[in-house]
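S.K.: Got a structure for you, questions after.
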Amino acid sequence: MAAQLESEVDFQLHLDNFEGPFDLLLNLIGKHELDISQIALARVTDEFLKYVKQLDSRQEIESASEFLVVAATLLDMKIVSLLPQSQAVDSEDIAALEARDLLFARLLQYRAFKEISSWFSTSLELESVRVAREVRLEETYRNLRPELVWSTDLEQFSQLAQLAFVPKEIPVVGLTHLHAPKISIREQVGILVSKLRKTKRLSFRELIADSKDRGEFVARFLGVLELYRVGAISIEQAGPFSDFTVIWENS
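Quick note: to get the working numbering, add 217 to the position in the sequence shown (first position is 1).
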């Protein structure tokens, strides 16, 4: 596997001033032993395209992606190296020099990733032939286990098995947390109509005198409002916040 990875990356170059693997070219440039400005990157690209044609589709995609990143870095480095050095240094030149340092860092990063991927490939290949040995628990640890004492006979074991298959009782869900049943406003309206038909005129206090709780009191008040809305009753009140009188209007 490691050999395959190496062959995918290290294609051979045949240039006027360099001949050898592509990785060696990167190594020499990184160590400043070879001037990037003297390298014909177009020739490097041509050599790579010839090399890619010999690979299968998967290798071609992986190698092309890797080469594009490195080639772009080399091109940027070459542009920076060709900048005039004799002119006065301005802000653009300083930025270009900083970019050059960044490009060298990218080249070193590429080398680091390549080496670590090679190490992983070698490690995986070595570990693939290793199998873990299965052994019994050591005597020291076996003695630490509690001794199992089984005193149940077959009949008792059968009873235990029957208990396991007995359906469990359905738990009773408590209802104490639930609110009381809703009070029907329609039902309270019926009570109001029955009272008013008999006497024709009652105060609100008289209408709610037999209310059992606050909920029924509220429902009966809403019933009064509903009867007033449909025109079945009229309301008289002596003053604000005073008791009011409900008068039945329907015959």
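Glycine included, every Cβ here is placed at the ideal spot set by N, Cα and C.
1. Who are the near neighbours of Leu419 in its chain, counting only those whose CB is closer than 8 Å to its CB and skipping five residues on each side?
2. Using the Cα positions of Phe438 and Leu392, report the straight-line distance between them to the nearest angstrom.
3. Quick one: grab the DSSP three-state call for Val463.
4. Is the beta carbon of Ser428 closer than 7 Å to that of Phe421?
5. Measure the C-alpha to C-alpha separation of Val447 and Ala455 and round it to an integer number of angstroms.
6. Using CA atoms only, rank isn't needed, just tell me which of Glu351, Leu343, Trp465, Ile400 is closest to Leu409.
7. Could you check if Ala436 is buried or exposed, using at least 16 other CB atoms within 10 Å of its CB as the buried criterion?
8. Among all the DSSP beta bridges, which residues are the ones paired with Gln405?
9. DSSP three-state call for Arg414: helix, strand or coil?
10. Could you tell me which residues DSSP pairs with Gln450 in its beta bridges?
11. Who pairs with Ser420 in a beta bridge, going by DSSP?
12. Between Glu443 and Val406, how many whole angstroms is the CB-CB distance? I'm expecting something under 8 Å.
13. What is the DSSP secondary structure of Lys331, counted as helix, strand or coil?
14. Between the alpha carbons of Val348 and Asn360, how many angstroms are there, rounded?
15. For Leu424, is the classification buried or exposed, using 16 other Cβ atoms within 10 angstroms of its Cβ as the cut-off for buried?
16. Is Val383 buried or exposed, if buried means 16 or more other CB atoms sit within 10 Å of its CB?
M.R.: The answer reads as follows:
1. The beta carbon of Leu419 sits closer than 8 Å to those of Lys412, Leu413, Thr462, Val463, all from its chain and outside the five residues before and after it, given in chain order.
2. Taken atom to atom, the span from the alpha-carbon of Phe438 to that of Leu392 is near 29 Å.
3. It is a strand residue.
4. No, the Cβ-Cβ distance between Phe421 and Ser428 is not below 7 Å.
5. Computed Cα separation, rounded: 23 Å.
6. Of Glu351, Leu343, Trp465, Ile400, the residue nearest in Cα terms is Trp465.
7. Answer is buried; the Cβ neighbour count reaches 16.
8. BP columns for Gln405 are empty, so no partner.
9. Helix, per DSSP.
10. First, the amino acid is wrong: residue 450 is Ile here, not Gln. Its beta-bridge partners are Trp465.
11. According to the DSSP secondary-structure assignment, Ser420 is paired through a beta bridge with Thr462.
12. Approximately 6 Å separates the beta-carbon atoms of Glu443 and Val406; this is inside 8 Å, confirming the contact.
13. Reduced to three states, the DSSP call for Lys331 is helix.
14. Rounded to whole angstroms, the separation of the alpha carbons of Asn360 and Val348 is 28 Å.
15. By the neighbour-count rule (16 or more Cβ atoms within 10 Å), Leu424 is buried.
16. Burial is judged here by how many other beta carbons sit within 10 angstroms of a residue's own beta carbon; Val383 has fewer than 16 and is exposed.
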